[in-house]
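At the far end of the sequence shown sits residue 575, using the UniProt record's numbering, and the numbering has no gaps.
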Amino acid sequence: MSYNIRSPFYAKGTATSLTERDSRQLRGLLPPALETMGKQVSRAFEQLRGKTTGLEKYIFLAWLRNTNSNLFYRMVLDSPEELMPLIYTPTVGTACANYSHIYPFLAPNGSFDGLFISIDDIPVLDQLIENYKNALPDPSITPDIAVITDGSRILGLGDLGVGGMGIPVGKLQLYVAAAGLDPRRTLPICLDFGTNNQKNLDDPLYLGLRRKRPEGDEFHKAVDSVLATLNKAFPKMLIQFEDFSSEHAFELLERHRNRYLSFNDDIQGTGAVILAGFINAVREVGIPAKQHRLLFFGAGSAGVGVAKQIMDYFVLEHGMTEEEAKKLFWLNDSKGLVTQDRGDKLAQHKVYFARDDNEGRQLKDLKETIEYVKPTALIGLSSQGGVFDAEVLKLLADINERPIVFPLSNPATQAECSFEQAMIHTNGNVLFASGTAFPRYVDENKKEHVPGQGNNMYIFPGLGLGAILSRPSRITDTIIYASAAALADSLTEDERKSHLLYPRIERIREVSAVVAAAVCRQAVKENLATDPRILSILPSGSSSKVGTPAWEELLKYVEKSMWEPTYKPITDKSE
Ligand code: NAD
């Protein structure tokens with residue numbers, strides 16, 4: 001396979017050496033200047049910062065990534081605080097909502113962002129995969145990971161149909177940036193099974209199928225076919241389910257998690273990242289774990305996923321039985337407190353946590369529920385912006401010396417409260433983590449406080465990398481738990497002294513490496529890892545504590561496997 005100047009993965013633009021320009025017949029096709037990547041990065045930042053809206057910046061960055069992938073990722077790694085919110089939340093939400101209007105401007109002709117699989121394509125799936133392979137710059141480089149959505153529940157924005165493509169595309173960029181996955185080995189997939197969103201159906205520019213989504217068997221059979229075809233084509237590929245509506249998300253996970261190497265980030269990734277923050281919050285609060293009472297506002301896929309994950313913590317770390325641990329949880333959905341005798345048919349995923357000790361009482365109002373439950377932790381996964389108002393926060397601060405408040409809904413407009421509000425109304429005593437990035441808060445003594453961000457990015461890149469490197473036959477709950485525990489323990493001395501619940505985002509690659517190594521170690525311990533290189537470091541069934549030579553070797557191996565955005569000399573082998 002020879003070098004393709006049009007491939008974003010090999011392009012260097014003005015950094016192409018004179019020898020390469022001559023050997024590739026590029027002399028004259030580029031301006032004469034020979035530049036460093038650093039100079040190109042400064043130019044790209046100049047262009048980026050000249051744009052006024054987030055959407056314009058998103059479009060520019062997508063175009064850059066699809067033109068010169070190394071340059072794009074160099075920028076992301078150099079300035080993650082500036083770039084991450086532009087390539088993922090919150091900007092990606094606007095991009096998905098406007099996808100049909102911006103699509104042609106995201107990539108130069110000839111490059112493509114991912115694979116669109118419509119329900120009408122099911123009979124010709126093999127052909128679709130062939131087309132995809134043929135369009136790759138080098139068909140011998142196959143994907144290690146696919147992120148798949150059907151666009152039915154994008155962030156907190158609902159059914160965006162084919163506009164959901166922005167999510168797997170964005171998420172895989174985070175995998176590359178945060179865990180050093182090779183961008184050539186990532187495959188974003190949007191299943192277009194239709195849309196139930198009238199706004200899409202009425203939009204003359206909408207780019208997806210104009211019909212309602214299938215339900216039940218028809219939906220599952222179509223997904224089964226897609227996954228089987230992908231597995232046949234790429235048997236080692238990890239599948240990450242993303243932003244499926246909750247009624248499908250749980251079922252899909254249970255149906256496929258033991259069949260294919262797969263996980264669901266909304267359920268398991270969110271669960272693990274919040275668990276890690278919660279573990280550190282419990283350490284800060286200082287009361288016995290068993291005295292905690294958790295109220296979940298929002299009982300969708302994220303709410304129930306997080307609750308289950310935190311429950312494991314009480315069982316695994318504090319020796320509680322499942323029943324004892326379950327009793328520490330109260331869930332609240334749009335109809336109020338989730339109880340067994342509420343009178344409506346509870347969605348299957350909520351049944352597990354439905355309370356049976358409410359003595360016939362049905363609570364609908366959040367403040368009343370707080371007075372009833374007396375939670376030590378209030379966790380928002382409801383997409384109801386501002387619902388943790390001053391009264392709610394003050395109530396929590398009255399009940400607890402250090403209330404744990406996690407308003408996790410995305411984007412910022414849907415967050416249950418802001419960091420500033422939480423600090424003000426709890427007299428600065430809150431232990432806070434949000435789903436979206438909030439600005440730092442400066443108190444009246446000019447002291448700066450950093451908000452925790454329960455960003456899934458602390459987990460899924462490391463979890464994905466660990467799974468890709470160790471190739472377990474499946475991803476178990478205990479592997480997910482190991483990723484969360486590793487994240488919780490990854491705080492530095494300085495981060496602990498600053499009362500942070502999560503590491504500083506600048507250390508994301510370091511943290512992802514630790515999480516990935518913990519995933520490999522757990523997969524080995526459970527006799528599930530199959531990769532010979534990992535098994536040569538840690539023999540199957542063995543374990544190794546942090547700090548031991550085997551752990552250090554594993555960590556070094558993980559770090560060395562991370563892709564770096566640099567220009568390599570062009571050879572005829574495009575590797
Ligand atoms: P979902 O639609 O499955 O669930 C939403 C839940 O909120 C449902 O149980 C619903 O009944 C409840 N709800 C809606 N209106 C309510 C009201 N007025 N009062 C009480 N409850 C109400 O969505 P999901 O996948 O569970 O995601 C929920 C939110 O969590 C989204 O905003 C999403 O962006 C966010 N999220 C954050 C993270 C993170 O921070 N790491 C990860 C995943 C999801």
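Ideal Cβ positions, reconstructed from N, Cα and C, are used throughout, including at glycine.
Sequence-distant residues of its chain with Cβ nearer than 6 Å to residue i (five each side left out)
i	result
T530	R471
F460	D265 and G269
R105	Looking at the sequence shown, residue 105 is not Arg but Phe. Answer for F105: I59, listed in chain order.
R6	G110
Local conformation of residue i per DSSP, three classes
i	result
S2	Any reading at S2 needs caution, since the residue's pLDDT is 46, under 50, leaving its predicted position unreliable; the model's value is listed next. It is coil, neither helix nor strand.
I189	strand
G43	In the sequence on display, residue 43 carries Arg and not Gly. Three-state result, R43: helix.
W330	strand
P407	strand
H292	coil
E242	coil
H449	strand
V124	helix
A433	strand
T339	strand
S69	helix
residue 639	As shown, the chain starts at 1 and ends at 575. That puts residue 639 outside it, with no answer to give.
G303	helix
T229	helix
I148	strand
I379	strand
N442	The sequence given here has Val at residue 442, not Asn. Residue state, collapsed to three classes: strand.
K12	coil
F297	strand
R184	helix
F263	strand
Proximity test, residue i beta-carbon vs the ligand NAD heavy atom, cut-off 7 Å
i	result
R342	no
V273	yes
N427	no
D531	no
R355	no
L346	no
G435	yes
R213	no
N456	yes
residue 577	Missing from the structure shown is residue 577; the chain here goes from 1 to 575 and no further.
N410	yes
T53	no
T270	yes
Q522	no
L155	yes
A299	yes
D333	yes
D365	no
G303	yes
Cβ-Cβ separation, residue j to residue i (assumed contact under 8 Å), whole Å
i	j	result
D333	G360	Going by Cβ atoms, the distance from D333 to G360 rounds to 19 Å, so no, they are not a contact pair.
L55	L465	Going by Cβ atoms, the distance from L55 to L465 rounds to 30 Å, so no, they are not a contact pair.
Y132	L115	5 Å
P168	P188	3 Å
P8	T53	24 Å between Cβ atoms; not a contact.
A516	A95	Not a contact, Cβ separation roughly 28 Å.
Same chain, Cβ closer than 8 Å to residue i, five either side skipped, listed in chain order
i	result
I370	L295, L378, V392, L395, L396 and I399
E81	I505 and E506
S544	R521, L538, A550, W551 and L554
V315	T321, E322 and A325
S498	V450
G305	N264, D266, I267, Q268, T270 and G271
S473	L261, L528 and T530
Same chain, Cβ closer than 7 Å to residue i, five either side skipped, listed in chain order
i	result
L500	V450, G452 and L491
A354	V338, T339, Q340 and L346
L86	G54, K57, Y58 and L61
M111	Checking the displayed sequence, the identity of residue 111 turns out to be Ser instead of Met. Excluding sequence neighbours, S111 sits near P8 and N66.
T89	L155, N410, P411 and T436
D126	T229
Short CB-CB distance (under 8 Å) between residue i and chain C
i	result
Y313	Of the protein chains in this structure there is only one, and it is not chain C.
Check: residue i C-beta below 7 Å from any heavy atom of the ligand SAH
i	result
D150	Looking at this structure, you won't find the ligand SAH anywhere; what it does contain is the ligand NAD.
At least three beta-carbon pairs within less than 8 Å, the segment 124-141 to the segment 159-166
no
For the segment 505-523 and the segment 549-568, state whether three or more C-beta atom pairs, one from each stretch, are separated by less than 8 Å.
yes
Could you tell me whether the segment 381-389 touches the segment 293-307, using the rule of 3 or more Cβ pairs below 8 Å?
yes
Would you say the segment 81-94 touches the segment 116-129, given that touching needs at least three Cβ pairs under 8 Å?
no
Quick one: any contact between the segment 168-179 and the segment 426-434, if contact means 3 or more CB pairs under 8 Å?
no
For the segment 141-160 and the segment 40-47, state whether three or more C-beta atom pairs, one from each stretch, are separated by less than 8 Å.
no
State whether the segment 478-494 contacts the segment 184-202, with contact taken as three or more CB pairs (one from each stretch) at a distance under 8 Å.
no
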